[in-house]
Amino acid sequence: MTTFIPVGRLSTFLTHTRYTLLFQRYRPAHPSYKSHKLLLFRLSSLRDAVPEFYSMEATCPHLGADLGEADVEDTVITCPWHQYDFNLKDGSSETGMRLCVYQTKLEKDTLYVESPGGPQESDWELAKVEPVSEAFVEMGSPALQPQTAVELPSIESLSLSPPSTAHTTPEESLSPAHPLPTSILTYALQILQTSNPALKVTRTREALAFIRDPKNDQSRLVGREEAKWSAEVVGNDVPPREEGIGGTVAPGRMGKRGKGGSEKSRGLMLHALANIEQWAIDLAWDVIARFAVTEINGQSLPIEFYLDWAKVAEDEAKHFSLLVSLLNKRGIQYGQYPVHAGLWQSAQETSHSLRARLAIIHMVHEARGLDVNPITIEKFRKAGDLEAVQTLEIIHSDEVTRHKWFTWVCDLQNVDPVQAFRKEVRTNFHGKLKGPFNELDRGLAGMTPDFYEDLEGKGYDSDEERNIPSEDKGEIHPRLS
């Protein structure tokens, strides 16, 4: 007998054409959450005014790539990564592959979706419903100098379509010595060496368009022959930042930004978040380039690893562009205020180990973002700043920790993920992991409280080693606390 789970009222699913459905199952015998993500597509019905709903796995069976941005024609979706087609009705594909689909039904204005565990697992529960956002600002001219305003469109007019040409500045033009990238790794290196923030966004979008182009040789997509070279190139260098954009200070010297009650305070908060997102773009490309030669128990990183992190870079570029748009509408240019490089400092401190990098950057700092984002959103909501609320909610819905890849590494190393995470924090992080914790969103990301409760890192002898003055520790950005 088919088990159905209620996912919401019909009216909930009329604002967008696709949604992610996150289901969760708690296993008390081994205190942990198991999550399962599906996609829900809403199609207009030709017969009557009631829309048709189809649900299927959220990732392509070919390489595990995200299908959230798949093209839809009639009842067939096309994977944005490698152009594989799948029928929404039965999951069939002309390639011979098959994607698991799930039944839906509408009863008394409530939509139901078949349980991802089938009749054998009836204890799945709906944890979260998120519309798939297509907001992405066209950055226009790459010149984001503090003295130059950049005209950007409103959120309502945004598009995800990649730009047709790359904008270049004289100092960043491609020459015969620096040809167009031909692999994920060469794109990663190019973007890491790009100082102009708007050009960094543009090149990130071009990289994803390249990855998704079916004409490219998939066997050479990563560029594994360049792996050792890319790891040597990135070294411990800091990605360049364009001259004239702000000044870099220690995280503890950022000064107070207020509580969001004034326009100036909210502008400072948005500027700080934009800085975080720009570094997040670099961090996603860096994990690709730096660890391309990494082997876990003799096994190379799978192509899914590179695709996943490239998609993360695209999401971070989207977030940066949305925040810059908000700043410009308030008469603020990105770089007008000082910024810090605290996230990159943590990246340098974990450059020796993929497991350490995933733990500290993506399961400590990013998870802290899950904790503080709802608090920040509520501050803007109380101030009546609804446009900022809309943008910050888009960003929060995109944010996930990289628990998936940390667990993958631990499985190959035959170590317990919880104990491995706690060891990495104690070794490579300084200070106590601070609450309050957003247990719901952390749980959805696969992080149960036994990962992070009562945990303190001893990785540094003093705050001075991190350039954090002890008297200013309370002013550190939440991502670094």
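The numbering of the sequence shown is our numbering, which starts it at 77 and goes up by one.
Ideal placement from N, C-alpha and C gives every residue a C-beta, glycine not left out.
Check: Residue range of the beta strand (DSSP E) that Lys508 falls in?; Outcome: 506 to 508
Check: Can you tell me whether DSSP reads Ser259 as helix, strand or coil?; Outcome: coil
Check: What first and last residue would you give for the alpha helix (DSSP H) that runs through Lys387?; Outcome: 379 to 405
Check: By the DSSP assignment, the beta strand (DSSP E) with Lys165 in it spans what residues?; Outcome: Where Lys165 is concerned, there is no enclosing beta strand (DSSP E), given that its DSSP letter is neither H nor E.
Check: Determine the closest residue to Ser429 out of Val83, Phe367, Leu265, Thr467, with distance taken between C-alpha atoms.; Outcome: Phe367
Check: Rank Lys534, Gly535, Gly533, Glu515 by C-alpha distance to the C-alpha of Asp526 and give the top, closest one.; Outcome: Glu515
Check: Which term fits Thr78, buried or exposed, when burial requires 16 or more other beta carbons within 10 angstroms of its beta carbon?; Outcome: exposed
Check: Does the distance from the CB of Leu39 to the CB of Val189 come in under 8 Å?; Outcome: Outside the shown range of the chain (77 to 557) lies residue 39, about which nothing can therefore be said.
Check: Going by Cα to Cα distance, which pick from Asp289, Ile364, Arg406 is closest to Leu346?; Outcome: Arg406
Check: Buried or exposed: where does Leu234 fall if 16 or more other Cβ atoms within 10 Å of its Cβ makes it buried?; Outcome: Its pLDDT being 29, under 50, Leu234 is placed unreliably by the model, and the measurement read from it follows with that caveat. Leu234 should be labelled buried.
Check: Below 8 Å CB to CB, which residues in the same chain sit around Arg502 once its five sequence neighbours on both sides are set aside?; Outcome: Leu531, Glu532, Gly533, Lys534, Gly535
Check: With a 10 Å radius around its C-beta and 16 neighbouring C-beta atoms as the bar for buried, classify Asp391 as buried or exposed.; Outcome: buried
Check: Take Ile453 as the anchor and find which of Glu442, Ser111, Ile470, His438 has the nearest alpha-carbon.; Outcome: Ile470
Check: Less than 8 Å between the CB atoms is what I'm expecting for Leu116 and Arg94, so what's the real figure, rounded?; Outcome: 7 Å
Check: Indicate whether Val440 and Phe396 have their beta-carbon atoms separated by less than 8 Å.; Outcome: no
Check: Mind listing, in chain order, the continuous alpha helix (DSSP H) runs of no fewer than 4 residues lying wholly within the stretch 451 to 497?; Outcome: 462 to 474, 479 to 489
Check: Roughly how many angstroms separate the alpha carbons of Gly260 and Val485, rounded to a whole number?; Outcome: According to the sequence shown, residue 260 is Ile rather than Gly. Taking the straight line from one Cα to the other gives about 21 Å.
Check: For the beta strand (DSSP E) that Ala203 lies in, which residues bound it at each end?; Outcome: 201 to 207
Check: For Lys204, which residues of its own chain have a beta-carbon under 7 Å away from its beta-carbon, when the five flanking residues on both sides are left out?; Outcome: Leu98, Leu520
Check: Just how far apart, CA to CA, sit Asp487 and Ala348?; Outcome: 36 Å
Check: Are Ile357 and Leu297 close, meaning C-beta to C-beta below 8 Å?; Outcome: no
Check: Helix, strand or coil for Leu531, going by three-state DSSP, please let me know.; Outcome: coil
Check: Give the straight-line distance between the Cα atoms of Arg51 and Leu86, rounded to the nearest whole angstrom.; Outcome: No answer is possible for residue 51: the residues shown for the chain start at 77 and end at 557.
Check: If we ignore side chains and look at the alpha-carbon of each, how far apart do Val166 and Ser473 end up?; Outcome: Sequence check: residue 166 is Asp here, not Val. Cα to Cα, Asp166 sits roughly 29 Å from Ser473.
Check: Could you pull the start and end residues of the alpha helix (DSSP H) that Phe286 belongs to?; Outcome: 273 to 288
Check: For Leu115, which of helix, strand or coil comes out of DSSP?; Outcome: strand
Check: Since I believe Ala423 is in contact with Leu359 (beta carbons under 8 Å), could you give me their beta-carbon distance rounded to a whole number of angstroms?; Outcome: 6 Å
Check: Out of curiosity, what's the CA-to-CA distance linking Ser209 and Asp150?; Outcome: 21 Å
Check: Mapping DSSP to helix, strand and coil, what is Ile408?; Outcome: coil
Check: Tell me, to the nearest whole angstrom, how far the beta carbon of Leu383 is from that of Ala141; I am working on the premise that it is less than 8 Å.; Outcome: 5 Å
Check: In chain order, what residues of the same chain have a beta carbon less than 6 Å from the beta carbon of Gly343, not counting five sequence neighbours either side?; Outcome: Arg406, Ile408
Check: Short of 8 Å in beta carbon distance, which residues of its chain neighbour Phe80, apart from the five on each side in sequence? Order them along the chain.; Outcome: Gln179, Lys181, Tyr188, Val189, Glu190, Ser191
Check: Around the C-beta of Ile287, are 16 or more other C-beta atoms found within 10 angstroms, so that it is buried, or is it exposed?; Outcome: buried
Check: Measure the Cβ-Cβ separation of Trp580 and Ile267 and say whether it is below 8 Å.; Outcome: Since the displayed the chain opens at 77 and closes at 557, residue 580 lies outside it and no answer follows.
Check: Return the chain-ordered list of same chain residues with a C-beta closer than 6 Å to the C-beta of Phe162, the five sequence neighbours on each side being excluded.; Outcome: Ile153, Ser169, Leu175
Check: Within 10 angstroms of the Cβ of Ser198, are there 16 or more other Cβ atoms? Answer buried if so, exposed if not.; Outcome: exposed
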